[in-house]
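So in our numbering, spot 50 of the sequence shown is number 1101, and the numbers just go up one at a time.
One structure below.
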Amino acid sequence: MNKQTRQLAAVISGKNTSDGAGVKLKRIVSPQQKNAFDPFILLDEFGSDQPTDYVGGFPDHPHRGFETVTYMLEGAMLHRDHLGNEGHLRAGDVQWMTAAHGIIHSEMPEQENGLLHGFQLWINLPAKEKMKPPHYQEFAAEKIPHVALADGGYIKVIAGEYVSKTQAISGAVTGVTTQPLYFDVLLSPQQQLDIPIAAQHTVLVYVYKGELAIGVDKVLKAGQLGQLTNGDNIQLATQDQSAQFLVLAAIPLKEPVVQSGPFVMNSTEEIEQAFRDYRDGVLTL
Ligand code: FE2
1052 MNKQTRQLAA
1062 VISGKNTSDG
1072 AGVKLKRIVS
1082 PQQKNAFDPF
1092 ILLDEFGSDQ
1102 PTDYVGGFPD
1112 HPHRGFETVT
1122 YMLEGAMLHR
1132 DHLGNEGHLR
1142 AGDVQWMTAA
1152 HGIIHSEMPE
1162 QENGLLHGFQ
1172 LWINLPAKEK
1182 MKPPHYQEFA
1192 AEKIPHVALA
1202 DGGYIKVIAG
1212 EYVSKTQAIS
1222 GAVTGVTTQP
1232 LYFDVLLSPQ
1242 QQLDIPIAAQ
1252 HTVLVYVYKG
1262 ELAIGVDKVL
1272 KAGQLGQLTN
1282 GDNIQLATQD
1292 QSAQFLVLAA
1302 IPLKEPVVQS
1312 GPFVMNSTEE
1322 IEQAFRDYRD
1332 GVLTL
């Protein structure tokens, strides 16, 4: 059966902001009431050659109700949580943290060779999994499947499955209910790439370097996120410039979302409970 190519339905430009202890970052997907990118709640890109932009990091803070995915391109991130997990994420490494019932952690960025660059993504959990025990996973760069493309370029398959005409490559992260797909892709100039993605998935493409053509006449520039809808395939191409971008996809939960600070729940009552539990020291029990 012929694949139907998804169309670019919305383009969003990341906004410069700060979070944590004054960390400057670009917020691409921001938590919002209408939950337009269900189940994706937030996407931040942090990157700077100025230590003062991020030296304060993200000291101890809680999360409940969702998953945080941290992916480093340059520099490092030192993570510590109340469960005793300690991770030193370096370039190419991924941390997939299922906060669920509750986690308290610190995330401290560190520059290496003058560089710091990475992403944090928040993926919502279904109501029935929001209060399950927390789970921490970390993947070194070499554990993430790397697919060399025939015309140059590559796909790093962090989560989900990349299916081409000749192969199917499973990502490092599996077993998540929303079946997320998280690819980091480099395309050389004048290259084309088709990625089949199930029709029910929400699909986002975020370009962090260069320029990417979508369909016949649409272009995403660095710093822009596109939402692609209606179809079971995405068709991407480069023109004169190379492009580096993330492809994110997951099954929408279609549940009510109430977010406040570091908590993402289904109702205001549950958010109030999360704040109470944190104050009373039982968020993580
Ligand atoms: Fe955090």
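Ideal placement from N, C-alpha and C gives every residue a C-beta, glycine not left out.
**Report entry** Whole-angstrom distance between G1165 and F1091, CA atom to CA atom
**Finding:** 31 Å
Query raised in the report: Is the beta carbon of G1282 sitting closer than 8 Å to the one on A1250?
Result: yes
Requested in this report: Check K1181 in the structure and name its three-state DSSP category.
Outcome: coil
Query - Close Cβ partners of D1111 (< 8 Å) along its chain, the five nearest in sequence each way excluded - result: I1155, H1156 and S1157
Query raised in the report: Whose CA, out of K1075, I1079, P1113 and E1118, lies closest to the CA of S1420?
Result: With the chain covering 1052 to 1336 only, the question about residue 1420 has no answer from this structure.
Query raised in the report: How many angstroms separate the CA atom of I1174 from the CA atom of Q1230?
Result: 11 Å
**Report entry** Uninterrupted beta strand (DSSP E) stretches inside the region 1164-1221 (no shorter than 3 residues)
**Finding:** 1168-1175, 1186-1190, 1197-1199, 1205-1210, 1212-1214 and 1219-1221
Requested in this report: Would you mind giving the Cβ-Cβ distance between K1054 and P1247, rounded to the nearest angstrom? I have them listed as a contact below 8 Å.
Outcome: 6 Å
Query raised in the report: Which residue from R1131, H1152 and D1095 puts its Cα closest to that of N1066?
Result: This sequence places Lys at residue 1066; Asn is not what is there. When only C-alpha atoms are compared, the closest one is D1095.
Query raised in the report: If you follow the beta strand (DSSP E) that R1131 is part of, which residue opens it and which one closes it?
Result: A1127 to D1132
Report task. Using only alpha-carbon positions, find the residue among Q1083, T1068, I1079 and G1138 that is nearest to Y1259. Result -> I1079
**Report entry** 8 Å Cβ cutoff, E1323 in contact with chain D
**Finding:** The structure shown contains no chain D, having only a single protein chain.
Report task. Compare the beta carbon distance of S1081 and G1274 with 8 Å and say whether it is the shorter of the two. Result -> no
**Report entry** Cutoff 6 Å; reference F1190; Cβ partners in own chain excluding five residues on either side
**Finding:** V1145 and A1223
**Report entry** Local conformation of A1142 per DSSP, three classes
**Finding:** coil
Query raised in the report: Using CA coordinates, which residue listed in D1245, T1121 and G1203 is at the minimum distance from K1216?
Result: D1245
Requested in this report: Measure from the alpha carbon of D1235 to the alpha carbon of each residue in F1170, E1320, N1284 and K1179, then state which is nearest.
Outcome: F1170
Query raised in the report: Using a threshold of 7 Å, is the CB atom of F1091 nearer than that to any non-hydrogen atom of ligand 1?
Result: no
Requested in this report: Flag this pair as yes or no: are the beta carbons of K1183 and G1116 separated by less than 8 Å?
Outcome: no
Query raised in the report: Got a sec: does ligand 1 put a non-hydrogen atom nearer than 7 Å to the Cβ of E1118?
Result: no
Report task. Using 7 Å as the cut-off, classify the Cβ of E1158 as near or not near the heavy atoms of ligand 1, replying yes or no. Result -> yes
Report task. With a 10 Å radius around its C-beta and 16 neighbouring C-beta atoms as the bar for buried, classify P1102 as buried or exposed. Result -> exposed
Requested in this report: Take R1330 and list the residues in its own chain whose beta-carbon comes closer than 6 Å to its own, dropping the five residues that flank it on each side.
Outcome: none
**Report entry** L1167 vs E1125 beta-carbon contact at 8 Å
**Finding:** yes
Query raised in the report: Roughly how many whole angstroms lie between the Cα atoms of A1151 and L1304?
Result: 15 Å
Query raised in the report: Who are A1061's beta bridge partners in DSSP?
Result: Q1278
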